[in-house]
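Put into structure tokens, the structure is as follows:
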């Protein structure tokens, strides 16, 4: 909670009324962000809309996976691989062992 308070303080000081959670992992922090920002700030998550758009793209391009074959997971992070794998292992139902660090500026 302390880290969230530190990062969100500049926004709280501006007395904003709406905060767009523009990264796909922010919904995992929704409750913490909501507590820090208070009842007067509406949180808008882009994650659901991104998920809908991805599902539509998969369907339109016939990219659904064959259910007879198990999933293949690939993880990419723009931050520390160690931190990503540690956090991911605590949240997901399987171990992450091979995350790859990418340079987000290249994309």
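In the working numbering, the protein residues as written are 41 to 147. We put the CB at the ideal spot given by N, CA and C, even for glycine.
| Query | Result |
| --- | --- |
| Residue nearest to residue 164 in terms of C-alpha spacing, selected from 95, 89, 101 and 59 | This structure cannot settle anything about residue 164, because the visible part of the chain is limited to 41 through 147. |
| Short CB-CB distance (under 7 Å) between residue 68 and chain D | The chain labelled as chain D is not found in the depicted structure, where only one protein chain is given. |
| Proximity of residue 118 and residue 144 at Cβ, strictly below 7 Å | yes |
| Contact check, residue 44 vs residue 72, beta carbons under 7 Å | yes |
| DSSP-derived helix/strand/coil call for residue 116 | strand |
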